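The structure is reproduced here in C-alpha cells:
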C-alpha cells in the first residue's frame with residue numbers, strides 16, 4: 001500500500017569554511033541514514049560551508065567551494081537512491097540566498113531559498129542574505145558548469161515550492177521560519193504537505209531547548225503531519241555552541257530525540273512513520289479542512305520516487321516518546337564543556353591554564369574543564385574513535401587512552417593560584433584542595449615582588465608612592481593599587497601558559513581561561529586587562545546565581561567536597577589589605593548591589609528593553625514589599641551609573657560562551673555605545689519626578 005515512510009535527520013558538528021571536514025561529515029551522515037533504511041535525509045542549515053562564516057559569505061570563494069562540495073556529493077555512490085537535502089549559500093541573479101539544495105540520483109530537484117531570515121540577538125543573516133519574498137513562485141536557476149557536468153541539467157527550479165513523491169508531499173522550512181508568526185508549515189499543511197522539514201543553525205541558551213521542542217510539536221498538533229528538524233552542533237568558530245537536539249515529531253508528539261550535548265561529530269536519527277496516521281488525524285479537524293479548501297496551492301516538483309515500500313504492512317513504525325530535558329545545572333556542565341573541547345582540538349593547543357583564586361567563578365570554570373575531561377573519557381569508553389584520536393593529538397601521545405578524568409586533567413589542565421600580601425590562607429587552601437580533587441597540575445606563586453617593582457617604577461618617576469585607603473590613601477590610589485595586582489596576574493597567566501609545558505618537558509602551549517561571570521561584566525566589576533582578559537571564557541554568559549547552583553551540582557555529582565567551603569565563603573576580589581589576617585573586602589559591598597539584583601537589572605535592561613525610567617517603573621511594583629520608591633530610584637540610578645561608566649570594558653571582553661539572553665557581549669549580541677553621558681540627567685529627572693509624586 002505504501003504508507004510507512006522512513007526518514008532521517010541529523011546533527012553535525014560542522015566548522016565554518018572547513019569544506020573538507022564538512023563534506024566528510026555530511027557524507028557519513030548520508031551513509032548512516034541509508035544503512036538504516038532511510039529514503040530521505042535532512043541536514044543542518046548551511047551545512048556545506050558551516051553556519052558561522054559571517055562576512056566570508058561575501059566572498060565568491062565561499063560560493064565556489066560550496067558548489068565544489070555539492071558536486072562531490074552528487075557524484076558520490078552514497079547519495080544514490082536517497083533524497084538528500086543539504087544547505088549552502090546560492091547566488092541567483094546576483095542576489096545571495098541561504099538555500100536548501102534537494103537532489104536525488106545526480107539530479108537537483110529544487111533549490112529552496114530561505115523566506116524568513118534570523119536577524120536578532122546573535123543572528124545577522126540580513127547582512128549577508130536576502131529573503132525570498134515571492135511566495136509560491138518558482139524561477140529557473142542556471143547551474144554553474146561544475147554542476148551541469150555532473151547532473152546534465154542546465155536549469156533547475158528555484159523558489160518557494162514543495163516536493164511531490166509517489167506517496168506523499170514534503171515541504172521545507174529553514175530555521176527561523178519555524179519561529180516566525182506566519183510559519184510556512186501552516187499554509188503548506190493546509191495544501192496537503194504531510195512531511196515538514198526544518199534545517200536549523202540554532203545555538204544553545206540556558207533553558208531554551210523546551211521552547212524549540214514545543215514549537216516543533218505544536219507545528220503538527222493543530223494541523224497534523226510529520227515534522228523533521230536537523231540542527232548544527234558544536235563550536236563552529238565563535239562564541240556560540242549549537243546544541244543539536246535533532247528531532248522527529250508527528251501529530252504533536254515527539255517520535256525521536258537526538259542528544260543536546262555530545263562529542264559525536266555525526267549523529268543521525270532515523271524513524272519509520274505511518275502516513276495514514278497523519279491522514280486520519282487531519283480527517284476529524286473540520287476547521288483545518290475548511291481552511292484547506294480555500295488555500296492558495298504551492299508549485300509541486302514531481303519526484304519519481306517513494307519514501308515507502310509498496311509492501312509495508314508488516315513494517316514496524318515508531319511510537320511517541322517523552323522528551324527528556326536537562327536541568328540548567330546539567331546544561332552548564334555539558335554545553336561549555338563540549339564547546340571547550342571543540343575549541344581545544346581545533347585550535348591545536350595542548351590544554352588550558354586557569355588562574356584559580358579559590359572563589360566561585362574560577363572554581364566553576366575548573367569544574368567545567370573537569371566535566372569536559374569526563375565527557376572525553378566517556379566518549380572514548382563508548383568507542384568514539386575521533387575523540388580518541390583528538391585526545392592523542394592534544395597530549396602528543398599516539399598510544400594514550402584517556403580513562404580517568406583526573407589523569408587527563410593532570411595532562412591538559414594547569415591551575416595557578418597567584419597570591420599577594422592581600423590574599424588569605426583560606427582561598428589558597430581552597431584552590432589547592434580543589435586542584436587536588438580534579439587532578440589539575442597546580443602552581444602556587446606570589447606576585448608581591450612584581451607588584452612592588454611596578455609601583456617602584458612609578459615612585460621613582462613621580463616621587464610619590466600611592467597607598468591603600470586603609471593606610472590613608474585616596475580612592476584613586478586604592479583603585480590603582482588593586483588594578484596593578486590584577487593586571488600583573490594577567491601577564492603572569494600568559495607567561496605560564498606559554499612556558500609551563502616547556503618546563504615539564506612537554507610540547508605545545510596552553511589556552512588561558514577567563515572566569516568573569518555575566519553579572520560582573522554587566523556591572524563592569526572587573527579590571528580592564530586583568531585575569532578576565534583571556535583567550536576564552538566558558539562562564540562569561542552565565543549568571544552568579546546559576547553558577548552557585550552549578551557548584552552544588554558538582555558537589556553532588558562529581559563528589560568535589562572542596563567546593564563546600566568555596567560555596568559558603570563570601571565572594572571577594574582580595575585586592576585590598578587584610579584586617580587582622582581576615583578578608584575585609586567583598587564583591588557585593590564593592591559593587592553596591594547584590595548579584596541577585598544584578599541579574600534582575602540585566603534581564604530588564606536587555607530582555608525587557610528597559611532604560612532607567614522604565615526599569616524604575618517596573619521595579620517599584622516588583623519590589624514594593626521590600627523597598628520604597630525612593631530606594632528603588634537610588635538602586636536603579638546606581639546601576640545605570642556603574643553600567644555606563646564601565647561599558648567601555650565590554651569592547652575588550654574575552655570571547656565567552658553565550659548562555660544568557662541578557663549577556664552584555666559587545667561583539668555581536670548587545671550593541672551599545674561605550675562612551676555614555678553617565679549623568680543620565682533627563683532620565684533620572686523623570687524618575688525623581690515620579691518619586692516625588694509617589
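Numbering (full-length UniProt numbering), first residue to last: 1 to 694. Glycine included, every Cβ here is placed at the ideal spot set by N, Cα and C. As the structure is a prediction and not an experimental result, all values here were calculated from the model.
If contacts are defined as beta-carbon pairs under 8 Å, then residue i and residue j qualify, I think. What distance do you get, rounded to the angstrom?
i           : j           : result
residue 458 : residue 441 : Contact doesn't hold; Cβ gap of about 35 Å is too wide.
residue 85  : residue 102 : 5 Å
residue 473 : residue 466 : 6 Å
residue 566 : residue 363 : 5 Å
residue 278 : residue 250 : 7 Å
residue 162 : residue 143 : Their Cβ separation, rounded to whole angstroms, is 21 Å, which puts residue 162 and residue 143 out of contact at 8 Å.
residue 100 : residue 308 : Between residue 308 and residue 100 the Cβ distance is about 22 Å, and since that is not below 8 Å, they are no contact.
residue 380 : residue 351 : That belief does not hold up - the Cβ atoms of residue 380 and residue 351 are roughly 17 Å apart, past 8 Å.
residue 74  : residue 27  : Incorrect: roughly 12 Å between the Cβ atoms, too far for contact.
Just to confirm the assignment, what range does the alpha helix (DSSP H) spanning residue i have?
i           : result
residue 686 : 681–693
residue 456 : 448–462
residue 475 : 475–503
residue 545 : 544–557
residue 275 : 275–283
residue 411 : 405–412
residue 595 : 595–602
residue 660 : Element bounds for residue 660: n/a, residue is neither H nor E.
residue 647 : Element bounds for residue 647: n/a, residue is neither H nor E.
Sort the options by Cα distance to residue i and report the nearest one.
i           : options               : result
residue 169 : 245, 305 and 93       : 305
residue 528 : 106, 489 and 141      : 489
residue 601 : 639, 681 and 38       : 639
residue 679 : 182, 307, 643 and 104 : 643
residue 646 : 388, 45 and 591       : 591
residue 516 : 69, 313 and 366       : 366
residue 368 : 674, 385, 17 and 406  : 406
residue 274 : 233, 42, 287 and 167  : 167
residue 535 : 140, 389 and 344      : 344
residue 555 : 438, 499 and 175      : 438
Check residue i in the structure and name its three-state DSSP category.
i           : result
residue 10  : strand
residue 590 : helix
residue 234 : strand
residue 131 : coil
residue 729 : As displayed, the chain neither begins before 1 nor continues past 694, which places residue 729 out of reach and without an answer.
residue 65  : helix
residue 112 : strand
residue 377 : helix
residue 616 : helix
residue 189 : helix
residue 171 : strand
residue 92  : strand
residue 123 : coil
residue 640 : helix
residue 210 : helix
residue 249 : strand
residue 31  : helix
Determine the burial state of residue i: buried for a count of at least 16 other Cβ atoms within 10 Å of its Cβ, exposed for fewer.
i           : result
residue 127 : exposed
residue 11  : buried
residue 319 : exposed
residue 88  : buried
residue 19  : buried
residue 120 : exposed
residue 24  : exposed
residue 475 : exposed
residue 689 : exposed
residue 682 : exposed
residue 322 : exposed
residue 537 : buried
residue 173 : buried
residue 674 : exposed
residue 434 : buried
Over what stretch of residues does the beta strand (DSSP E) that includes residue i continue unbroken?
i           : result
residue 49  : Looking at the DSSP string, residue 49 is not in any beta strand (DSSP E), and its letter there is neither H nor E.
residue 704 : The structure shown does not extend to residue 704, since the chain is modelled only from 1 to 694, so the question has no answer here.
residue 257 : 253–257
residue 399 : That residue, residue 399, is in no beta strand (DSSP E); it is neither H nor E in DSSP.
residue 198 : 195–200
residue 335 : Residue 335 -> not in any beta strand (DSSP E); alpha helix (DSSP H) instead, spanning 328–347.
residue 42  : 40–42
residue 155 : 155–159
Does any residue of chain D bring its CB to less than 8 Å from the CB of residue i?
i           : result
residue 177 : This model lacks chain D altogether, as it is built from one protein chain only.
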